[in-house]
Amino acid sequence: MLFENYQYVANDYEKLLESEKDYDVIIYASGNRNEEIHACSFVLRTRSRYFRFCYISPEIFVTKVYPFKEIMAPGLFNNMLLFHVAQNTQLNEDERPPRRSKYNVDSVIINQDHIKIFAKRICRKEKSSKYIPYKFNLLYRASRVGNTPESFHAKCDNKGATLLVIANSNQIAGGYNSLSWDITSGWKSTYDSFIFLFTDRSNLQSAKVSYSYGGAKSIGCHLIKGPTFGWNLNVHRVPEAEGMYLYRIVC
1 MLFENYQYVA NDYEKLLESE KDYDVIIYAS GNRNEEIHAC SFVLRTRSRY
51 FRFCYISPEI FVTKVYPFKE IMAPGLFNNM LLFHVAQNTQ LNEDERPPRR
101 SKYNVDSVII NQDHIKIFAK RICRKEKSSK YIPYKFNLLY RASRVGNTPE
151 SFHAKCDNKG ATLLVIANSN QIAGGYNSLS WDITSGWKST YDSFIFLFTD
201 RSNLQSAKVS YSYGGAKSIG CHLIKGPTFG WNLNVHRVPE AEGMYLYRIV
251 C
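When you line the sequence shown up against UniProt numbering, it's residues 1 to 251, in that order.
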């Protein structure tokens, strides 16, 4: 459906009945795939109070929502704009508590409070949000498959952005790789990766984070080494770690 068509459809939903091509969402009733409801995603996004699309990422807001500002309630649009420009702004249009994450992090080392901090750092935001825009899918647990470069690469290569978490005593260390691991690239450059350290895993205030400065040796991808973050964090040098996890970051 073209943009100019949205403007009159927003005020006259009966026009949607004239064609089935715009019913691009299928809702299965009560989990029964034999009972399905066809709906228009445009109507769901713009009119339904149950779709909290005010919590989408700034990038999606600019590309997917902003072009349709003329057909949105002015108060809602202005509030969303302030929310994305000033991250500390509260959304008065939605007083319900933010939804909980739809997953539990698979780890005995970290919990969702740690995940909120990681998500904030991935987004480069100053303040943590109750809404986590990523899923952290466990790819690798050293205690199950072995703490060797071979087992690491077998599970984690070519998976996209990942988060490494290592526990040693009461401390947690690790790093975020915005690129992919592999065995042939050698060194890679990036500004978006970072390493972190919790000197006390139960104290979130003890977290220290350092971003890559974009050097040529930001991320190391080598056959005989595990995950390598420059010269500062080399997993093959810490075999005494009590636990090591690596998560795939999914938007």
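Backbone N, C-alpha and C fix where the C-beta goes; we use that ideal spot for every residue, glycine too.
Please read all numbers here as calculations on a predicted model, not as lab measurements.
Whole-angstrom C-beta distance between residue j and residue i, which should lie under 8 Å
i	j	result
I122	Y134	7 Å
S180	K159	6 Å
F196	G215	Wrong, their Cβ atoms sit about 18 Å apart, outside the cutoff.
I60	I110	Incorrect: roughly 27 Å between the Cβ atoms, too far for contact.
R201	N170	6 Å
S206	T199	4 Å
F152	V105	20 Å between Cβ atoms; not a contact.
Proximal residues to residue i (C-beta, below 6 Å), its chain only, five neighbours per side dropped
i	result
Y211	F194
L246	L139, Y140, C156, T162, L164
residue 253	Absent from the model: residue 253. The displayed extent of the chain is 1 to 251, so no value can be given.
P67	none
K208	L197
I166	A173, G174, A241, M244
V145	S151
V65	none
S178	A161, T190, D192, S193
Proximity to residue i [Cα-Cα], best of the options
i	options	result
G220	P149, A207, Q171	P149
K120	Y176, K69, N168	Y176
Y213	Y191, I224, G230	Y191
L204	E36, V65, G75, H114	H114
Exposed unless 16 or more other CB atoms sit within 10 angstroms - verdict on residue i
i	result
I132	buried
R248	buried
N78	exposed
V108	exposed
V9	Note that V9 scores 49 on pLDDT, short of 50, meaning its location in the model is unreliable; the coordinates nonetheless yield the value given after this. The residue is buried, with at least 16 neighbouring Cβ atoms inside 10 Å.
A142	buried
W231	exposed
E95	Note that E95 scores 46 on pLDDT, short of 50, meaning its location in the model is unreliable; the coordinates nonetheless yield the value given after this. The residue is exposed, with fewer than 16 neighbouring Cβ atoms inside 10 Å.
Own chain partners of residue i with C-beta closer than 7 Å, once the 5 adjacent residues on each side are dropped
i	result
T63	none
S218	K188, S189, T190, S193, S212, G230
Neighbourhood of residue i by C-beta, 8 Å cutoff - its chain only, sequence neighbours within 5 removed
i	result
G186	G220, C221, H222
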